[in-house]
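The numbering used here applies: residue 896 is where the sequence shown begins, and numbers increase by one.
Positions of the beta carbon are idealized from the N, C-alpha and C atoms, including for glycine.
Predicted, not measured: the structure shown is a model, and the values here were computed from it.
Each remark here refers to the structure printed beneath this line.
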Amino acid sequence: MLPLCLTPTSIPGLSPVSPQNPLLPQVWWTSASRPRVLWRPQLNSWRGCPAVTGFFKGAIFFPPSEAPGRPQEPRCWSSFLEHSRVPVVTEEVAREALLSFVNSKCCYGSAAAGDLIIQELKPQTLCRYRLETFSESRISEWTFQPFTSHSVDGPHRGTSPRLWDIKVQVPPMFQEDTRKFQVPHSSLVKQCHKCHGRGCYKCSGCHGAGLARCPSCSGAKRRARQPRRCQLCSGSGRRRCSTCSGRGSKTCATCKGEKKLLHFIQLVIMWKNSLFEFVTEHQLDCPAELLAKAKGENLFKDENTMVYPIVDFPLREISLASQRGIAEHSAALGSRARVLQQRQTIELIPLTEVHYWYQGKTSVYYVYGTDHKVYVVDYPERYCCGCTII
């Protein structure tokens, strides 16, 4: 068993989270600069409709309460550690790993990797704790589309269900997705606010005339320094407007020429996978971001609707990381989302510092992960500056 690195950390205090519950019936459009409200239906259009009245009273839609998880079972960490199989990096493995990575780089020569003398191997085993929380959140918003049918699922057909009462198919666990659904019995037909029910509007290119200034003669009927009349416009100085094809008007892009819009409350469901990671500290110069992505040997896996913090792991910093990660996810999600599944894992990541000698100089490189990735900074045989193998 390789030595484990340990640097104790502390758990920051939890700050209270105030639930944020957005008002539902609004039409928001997000631009690159700032959000703004373009339009929303008048409340008096909905008064007296029992189906959607609750949406306009600032109703708060909390996710349903979670059922308590199964009791925490005692774990025997000694058996986990005894059955772990972390590959040991030998001198041959270290050289082959370096050769493989150097050959994959266009500006590094392989002669140095084959001729350098490996003087010492300093192996370590790091622990990586990972917590994944798969959650579902629901919001509602006003939206509209061109009214093309004669069927309107409005309040006269019944009461709109509460957001969390609408049944949907959940995607596979820990796979993020976003879906949108029309809330039943929330539809309303109104005149298009863009064209005021006309289905079209005056062309801005020709101001409704159907003809625009000739681009060749700029309306002069003759081109500059030419006695003959302009051939493009036949001397009239005007051409058919290319914006509206000479019609003088354009079809309304909002209602697509239908003159009316179907407004309804849209349910937006977002499935998100929140991730918390922690890697035990080490005293080597291998970047932490590489170790966070490295492949490791799975030591422990716990998956359930709600997982318990690890409290008795031999490395106390892993136990603290588990407690901190679960607390952070609980505080971040709070009452805004429903937790569907949690998964926590502990992996062992091998890290070896390789000391070598080449042409009178000594240096180091690192072999990390179960797939023997290489990180080297001062490779002796390189043909362009600024390259680093990672």
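Taking a contact to mean a Cβ-Cβ separation below 8 Å, would you say residue i touches residue j in this structure?
i: THR1138; j: CYS1090; result: no
i: CYS869; j: LEU1243; result: Past the boundaries of the shown model lies residue 869; the chain is included only from 896 to 1285, so the question cannot be answered.
i: VAL1269; j: LEU1016; result: no
i: VAL848; j: THR1020; result: Since the displayed the chain opens at 896 and closes at 1285, residue 848 lies outside it and no answer follows.
i: LEU1210; j: SER1030; result: no
i: LYS1155; j: LYS1085; result: yes
i: GLY1094; j: CYS1150; result: yes
i: SER1055; j: HIS1080; result: yes
i: CYS1109; j: ARG1133; result: yes
i: HIS1177; j: PHE1039; result: no
i: VAL1271; j: ALA989; result: no
i: THR1028; j: SER1230; result: no
Over what stretch of residues does the alpha helix (DSSP H) that includes residue i continue unbroken?
i: ASP1010; result: 1006 to 1010
i: VAL997; result: 986 to 998
Leaving out the 5 sequence neighbours to the left and right, which residues in its chain are closer than 6 Å to residue i when beta-carbon positions are compared?
i: PRO1275; result: ALA1007, TYR1253
i: ARG1025; result: GLU1172, THR1240
i: PHE1076; result: LEU1162
i: HIS1267; result: ALA992
i: THR1073; result: MET1165
i: ASN939; result: Residue confidence is low: ASN939 scores 45 on pLDDT, short of 50, so the model does not pin down where it sits. Its coordinate-derived value is still stated next. Contacts found: none.
i: PHE1197; result: Checking the sequence shown, residue 1197 turns out to be Asp, not Phe. So the qualifying residues of the chain are GLN1239.
Once you ignore the five residues that flank residue i on each side, which residues in its own chain have a CB closer than 7 Å to its CB?
i: ASN1193; result: THR1240, GLU1242
i: GLY1103; result: LYS1097, GLY1143, SER1144
i: LEU1058; result: PHE956, ARG1033, SER1035, LEU1162
i: GLY1152; result: GLY1094, CYS1095, THR1146
i: PRO1204; result: SER1217, GLN1218, ILE1221
i: GLU986; result: ILE1013, LEU1016
i: PHE1042; result: VAL1084, GLU1153, LYS1155, LEU1156, LEU1157
i: HIS1224; result: LEU1026, THR1028, SER1169, PHE1171
i: CYS1087; result: CYS1147, THR1149, CYS1150, LYS1154, LYS1155, LEU1156
i: GLU1071; result: TRP1166, LYS1167, ASN1168
i: LYS1190; result: GLY1264, THR1265, ASP1266
i: ALA1187; result: GLU1172, VAL1174
Go ahead and pull the three-state DSSP assignment for residue i.
i: LEU1179; result: coil
i: ILE1213; result: helix
i: GLN1237; result: strand
i: GLU1276; result: coil
i: GLN1064; result: coil
i: GLY953; result: Confidence at GLY953 is low in this model, with a pLDDT of 34, below 50, so its placement is unreliable and the value that follows should be read with caution. Three-state DSSP puts GLY953 in coil, outside helix and strand.
i: ARG1023; result: strand
i: LYS1188; result: helix
i: SER1225; result: helix
i: ARG1033; result: strand
i: PRO1050; result: helix
i: ARG942; result: Since pLDDT at ARG942 reaches only 44, below the 50 mark, its modelled position is unreliable, and no value is offered.
Among the residues of its own chain, which have a CB less than 8 Å from the CB of residue i, if the five just before and after it don't count?
i: PHE1208; result: TRP972, SER1214, SER1217, ILE1241
i: LYS1256; result: PRO1275
i: TYR1278; result: CYS1002, TYR1003, GLY1004
I'd like the span of the beta strand (DSSP E) that includes residue i, first residue to last.
i: LYS1155; result: 1155 to 1174
i: PHE1076; result: 1072 to 1077
i: VAL1262; result: 1256 to 1263
i: TYR1270; result: 1268 to 1270
i: LYS1085; result: 1083 to 1086
Distance cutoff 8 Å, beta carbons only. Does residue i sit that close to anything in chain B?
i: MET1201; result: Judged by its chain identifiers, the structure shown contains no chain B, having just a single protein chain.
Checklist entry - In chain order, which beta strand (DSSP E) runs of at least 3 residues are fully inside the stretch 1089 to 1143? => result 1095 to 1097, 1106 to 1108, 1133 to 1135
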